[in-house]
Ligand SMILES: Cc1cc2nc3c(=O)[nH]c(=O)nc-3n(C[C@H](O)[C@H](O)[C@H](O)COP(=O)(O)OP(=O)(O)OC[C@H]3O[C@@H](n4cnc5c(N)ncnc54)[C@H](O)[C@@H]3O)c2cc1C
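In this note's numbering, the protein residues as written are 2 to 476.
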C-alpha cells in the first residue's frame with residue numbers, strides 16, 4: 002500500500018497551495034481531484050477557441066509575500082489590470098464605484114433625497130449604536146448606511162443573488178466579504194463631492210473605493226494558468242497530483258482512502274487527511290455517521306450557479322471587466338467580457354461574455370433547458386442594449402454546483418456541529434468549499450500555506466484552520 006504523509010481531497014487552489022508548501026519541505030503528499038484538471042472553482046474551460054473562466058477570476062491580495070510568490074511561479078505570466086466596472090441601475094449604465102454626477106442624473110429624486118438624508122442621519126445615529134455583532138446582513142447594512150439606502154441599493158441585488166431576504170442572511174457574510182468602513186468612506190466621498198461640486202472621476206487604483214476594487218492580476222489564457230503553475234510547482238517539489246480520480250471511501254480509523262483511477266482501484270494510506278471538498282461529500286465518503294450531524298447537513302446548503310457564455314462576431318462590446326445587474330427583470334447578475342481581460346481569451350475579431358445566474362438545483366432556472374437559458378439571456382442583454390442581437394454567433398451553458406457557501410441566519414450553529422464531528426475523525430478542513438467560508442482564491446491559497454506551515458512548525462495535530470478568524474487570514 003502506498004503511504005503518504007498527507008492526502009488532500011480536492012485539487013482546487015487551497016489544496017494546491019497546501020501541496021506546494023508541504024512538499025517544498027520534503028513531506029510526501031497526494032492530491033486527489035475528481036475533475037480532469039485541477040483548479041476547482043478557479044478553472045477555465047476551453048470551448049471552440051475561447052477560454053472561459055467561471056465568471057472571471059481576478060487575482061488580488063493585500064499580502065505582499067503571497068503576491069510575490071504567485072507572480073514568480075515558473076512559466077506564469079500575469080498582467081496587471083485596474084478594475085473597470087459599471088452597474089445597470091435606473092435604466093442606465095453607471096460607473097462603479099458610483100460617480101456622483103452619474104448617480105444623481107440617474108436616480109429618481111424620490112429615492113436620492115430620502116437616501117441622502119437617511120445616510121447623513123445614520124452617520125450621527127450610528128455613534129449611539131453598538132458596532133455588531135450583526136445577526137443579519139440587513140442589520141449590518143442598516144448600521145453602516147441607513148434604512149433608506151438599504152431599500153434602494155441593498156435589498157434588490159442581494160435578494161436577487163441569494164434568492165433570500167437579506168434579513169434572513171447571516172451578518173457573517175458581510176463581515177467576511179466587505180469592509181463596511183470602506184463603503185462608508187465611499188459614500189462620505191460622494192457627499193463631500195456634492196457639497197464641493199467636485200465632479201472629477203475617481204482614481205480606480207484606489208482599492209478602498211469599493212469591495213473587490215482596485216488593481217488585480219490576470220494570466221493570458223484564463224485563471225487556469227495560475228492553477229496549473231501552482232500544480233507544476235508542487236509537482237516539481239515532489240507532490241503527486243492525481244486528476245480524474247473517484248474517491249470511493251475514506252476510512253478515518255485505518256487512515257486510508259480507497260480510490261478508483263483509470264479503471265483500477267487502490268487503497269492509499271496517510272498520516273494526516275486534508276479535505277477541501279464539500280462537507281456533505283466528505284460526510285458521505287467516511288464511515289462514521291451521526292443523526293445530529295445529518296440533520297445539520299440537511300439544512301446547510303451551498304448555492305449553485307449557471308454560466309451562460311455568449312459568443313459575438315465583434316472584437317468588443319464594452320470596456321468593462323465586470324457589469325452588475327441588480328434589476329430583478331434581468332435573469333443574470335453579472336457579466337464579464339473576456340476580451341477586456343486578455344486579448345488571448347478569444348479568437349481574433351470575436352468576443353465572449355459570461356453571464357452568471359446564481360440559483361439552487363431545485364429552482365426553476367437550474368431546470369431550464371440550455372436553449373431556454375441562452376434565449377432568455379440574449380433577449381435580456383439585447384433589451385438593455387448591452388449588445389446587438391445580430392452580432393450573436395452562439396452560446397454555451399455550463400452549470401456548477403457548490404459555488405457559494407450559503408449563509409442563512411443560523412448556518413453557524415449547523416456548521417459548528419458538522420465541523421466538530423468531522424474534526425473528531427482527525428480530518429483537517431481547508432478552503433472555501435471545505436470549510437464553508439466565503440473565500441476568494443488568494444484566501445484559499447493563504448489558508449493552504451498556513452495549514453502546511455502549522456504542520457511544518459511541528460504541530461502533531463494542527464487542527465483545522467476553521468477557527469481562524471477571516472481577518473487573521475488577511476483579506
Ligand atoms: C462565480 C465565481 C467567481 C469568483 N471570482 C473570483 C475572483 O474574481 N477572484 C478570486 O480570488 N476568487 C473568486 N472566486 C472564488 C474562488 O473561486 C475560490 O475562492 C477558490 O477557487 C476556492 O478554492 P478552494 O480550493 O478553496 O475550493 P474549490 O475550488 O471548491 O476546490 C475543491 C476541489 O475539490 C474537488 N472535489 C469536489 N468533490 C470531490 C470528490 N468527491 N473527489 C475529489 N475531488 C472533489 C473539486 O472538483 C475542486 O477542485 C469566485 C468564485 C465563484 C464561484
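We treat Cβ as the ideally placed atom computed from N, Cα and C, and that holds for glycine.
Item	Value
Limits of the alpha helix (DSSP H) - the one that residue 51 falls within	Taken as a continuous stretch (DSSP letters only), residue 51 belongs to no alpha helix (DSSP H), being part of the beta strand (DSSP E) at 51-54.
DSSP beta-bridge partners of residue 370	Answer by DSSP bridge pairing: none, since residue 370 is not bridged.
Residue from 11, 215, 51 and 26 whose Cα sits closest to the Cα of residue 222	51
Simplified DSSP state of residue 342, which is helix, strand or coil	coil
Three-state secondary structure assigned by DSSP to residue 130	coil
Minimum length 3: unbroken beta strand (DSSP E) runs contained in the segment 225-266	241-243, 246-252 and 257-262
C-alpha distance - residue 350 paired with residue 315, whole-angstrom precision	5 Å
Nearest residue (CA-CA) to residue 279, options 141, 388, 407 and 345	407
Residue 230 beta carbon near ligand 1 (any heavy atom closer than 7 Å)	no
Whole-angstrom distance between residue 339 and residue 510, CA atom to CA atom	The question about residue 510 has no answer here: the residues shown for the chain are numbered 2 through 476.
CB contact flag (residue 39, residue 10, <8 Å)	no
Classification of residue 403 by the beta-carbon crowding that lies within 10 angstroms, buried from 16 upward	buried
Residue span of the beta strand (DSSP E) that contains residue 136, given as start and end	No beta strand (DSSP E) contains residue 136, which DSSP labels as neither H nor E.
Residue 358 beta carbon less than 8 Å from that of residue 333	yes
Identity of the residues DSSP links to residue 145 by a beta bridge	DSSP lists no partner for residue 145.
Cutoff 7 Å; reference residue 412; Cβ partners in own chain excluding five residues on either side	171 and 301
Residue from 263, 353 and 452 whose Cα sits closest to the Cα of residue 55	353
Residue environment, residue 129, which counts as buried when at least 16 other CB atoms sit within 10 Å	exposed
Coil, strand or helix - residue 15 by DSSP	helix
Helix, strand or coil at residue 281 according to DSSP, with G and I counted as helix	helix
Euclidean distance between Cα positions of residue 205 and residue 246	Since pLDDT at residue 205 reaches only 48, below the 50 mark, its modelled position is unreliable, and the value read off the structure follows with that caveat. The alpha-carbon atoms of residue 205 and residue 246 are separated by roughly 43 Å.
Beta-carbon gap between residue 311 and residue 361 smaller than 8 Å	no
Rounded Cβ spacing between residue 241 and residue 31 (contact assumed at less than 8 Å)	5 Å
Proximity test, residue 405 beta-carbon vs ligand 2 heavy atom, cut-off 7 Å	The model depicted lacks ligand 2 and carries ligand 1 instead.
CB contact flag (residue 86, residue 321, <8 Å)	yes
Residue 171, DSSP secondary structure in three states	strand
Complete beta strand (DSSP E) runs within the segment 393-474 (minimum length 3 residues, chain order)	393-406 and 428-430
Residues bridged to residue 352 [DSSP beta-bridge criterion]	313
Segment contact, 8 Å Cβ cut-off, at least three pairs: the segment 410-429 with the segment 73-88	no
Residue 405 beta carbon less than 8 Å from that of residue 375	no
Anticipated Cβ contact below 8 Å, residue 429 with residue 286, distance rounded	With 8 Å as the limit, residue 429 and residue 286 do not qualify as a contact, their Cβ atoms being about 15 Å apart.
Neighbour-count burial assignment, residue 131, 16 or more Cβ in a 10 Å radius	exposed
Straight-line gap, residue 6 to residue 26 (C-alpha atoms, nearest Å)	12 Å
Same chain, Cβ closer than 6 Å to residue 307, neighbours up to 5 away in sequence not counted	358 and 400
Whole-number beta carbon distance between residue 28 and residue 234, since they are thought to touch under 8 Å	Rounded, the Cβ-Cβ distance is 15 Å, inconsistent with contact.
Residue span of the beta strand (DSSP E) that contains residue 33, given as start and end	30-33
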